[in-house]
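Trainee: Residue 228 is where the sequence shown ends in my numbering, and the numbering goes up by one at each step. Idealized CB from N, CA, C, for every residue including glycine.
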Amino acid sequence: MQSILDAVSDPLPYHLLSFGALLGTEIFQTFVNTKVCYKALPMREFLALQKRLFPAYFQSQVGLLVLTAVTRPPHSLLSFSKHGWDTVPLFVVAVTGALNWFVFGPRTTTTAFIRRALHESAMNEDSANPPDQAKIQQANKAFTRNHVMSIHLNAMSLVATVWYAFSLTSSLTKGL
53 MQSILDAVSD PLPYHLLSFG ALLGTEIFQT FVNTKVCYKA LPMREFLALQ KRLFPAYFQS
113 QVGLLVLTAV TRPPHSLLSF SKHGWDTVPL FVVAVTGALN WFVFGPRTTT TAFIRRALHE
173 SAMNEDSANP PDQAKIQQAN KAFTRNHVMS IHLNAMSLVA TVWYAFSLTS SLTKGL
């Protein structure tokens with residue numbers, strides 16, 4: 053019983069739980085959730101879901117990263133002074149997550165809705181003013197640019213999170 057009580061005051065289990073939640077969230081959102089929703093939902097509903105889901109995902113990614121950093125064993129953030137290189141992958145996750153949360157996520161969502169509206173207008177033969185093809189191409193290009201950037205940032209974040217697992221393991225096996 054005493055060993056369990058000692059573990060409660062140790063940051064390691066909280067660190068492992070927050071890191072596990074971070075990695076699990078990234079893997080689930082990247083490889084499962086988005087693909088299932090894309091296949092299962094009509095485009096209008098898919099876009100509406102993504103508009104709400106991705107900000108929550110990027111917020112939780114950054115939040116779990118902060119929780120992971122502040123629970124770093126054995127002395128919270130001070131532990132990084134002994135293992136400075138372990139901050140690099142966490143910094144990468146922080147930057148890529150913040151860029152997706154504040155810049156490329158919102159841009160992707162906005163351009164997806166603009167692009168969808170232009171495509172629907174072009175498909176509607178009764179439209180008095182069909183959209184200009186140049187506007188459709190511009191919307192497609194803007195969406196593609198922002199979406200690809202968001203995907204690449206997310207991939208970088210996932211790689212950095214796995215990299216941190218190896219850094220953490222190295223530190224733990226060397227006795228922190």
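For the alpha helix (DSSP H) that H204 lies in, which residues bound it at each end?
Mentor: First-last of the alpha helix (DSSP H) with H204: 185-225.
Trainee: Nearest CA to the CA of L101: which residue from Q111, N85, Q113, V114?
Mentor: It is N85.
Trainee: Can at least three beta-carbon pairs, one atom from the stretch 153-166 and one from the stretch 217-228, be found at a separation below 8 angstroms?
Mentor: At 8 angstroms Cβ cutoff, the stretches do not touch.
Trainee: Could you pull the start and end residues of the alpha helix (DSSP H) that T139 belongs to?
Mentor: 139-151 is the extent of the alpha helix (DSSP H) around T139.
Trainee: Whose C-beta lies closer than 8 angstroms to the C-beta of L129 among residues of the same chain, with five residues either side of it excluded?
Mentor: Within the same chain, L129 has close Cβ partners A121, V122.
Trainee: With respect to the alpha helix (DSSP H) encompassing T163, which residues constitute its N-terminal and C-terminal limits?
Mentor: First-last of the alpha helix (DSSP H) with T163: 157-175.
Trainee: Below 8 angstroms on the Cβ atoms is my contact criterion, and I expect R159 with N198 to pass it. Report the Cβ-Cβ distance as a whole number of Å.
Mentor: With a Cβ gap of about 4 angstroms, R159 and N198 count as contacting.
Trainee: From L74 to N192, what does the alpha carbon distance come to, in whole angstroms?
Mentor: Taking the straight line from one Cα to the other gives about 32 angstroms.
Trainee: Whose CA, out of M53, G227, N152, lies closest to the CA of F103?
Mentor: The displayed chain sequence assigns Lys, not Phe, to residue 103. Selected option, being the one with the closest Cα: N152.
Trainee: Have a look at T92 and T82 and give me their C-alpha separation to the nearest angstrom.
Mentor: Looking at the sequence shown, residue 92 is not Thr but Ala. Between A92 and T82, the C-alpha separation is close to 16 angstroms.
Trainee: For S70, count neighbouring C-beta atoms within 10 Å of its own C-beta (all shown protein chains included) and say buried if the count is 16 or more, exposed if not.
Mentor: S70 should be labelled buried.
Trainee: Out of K134, M95, L142, S133, which one is the CA nearest neighbour of V118?
Mentor: The shortest C-alpha separation from V118 is found at L142.
Trainee: Which class does P65 belong to by DSSP, given the choice of helix, strand or coil?
Mentor: Helix at P65.
Trainee: Within 10 angstroms of its Cβ, does R96 collect 16 or more other Cβ (buried), or is it exposed?
Mentor: Its Cβ having fewer than 16 others within 10 Å, R96 is exposed.
Trainee: Quick check on the DSSP output: what are the complete alpha helix (DSSP H) runs of length 4 or more inside the stretch 106-132, in order along the chain?
Mentor: Listed in chain order, nothing qualifies, since the stretch 106-132 has no complete alpha helix (DSSP H) run of 4 or more residues.
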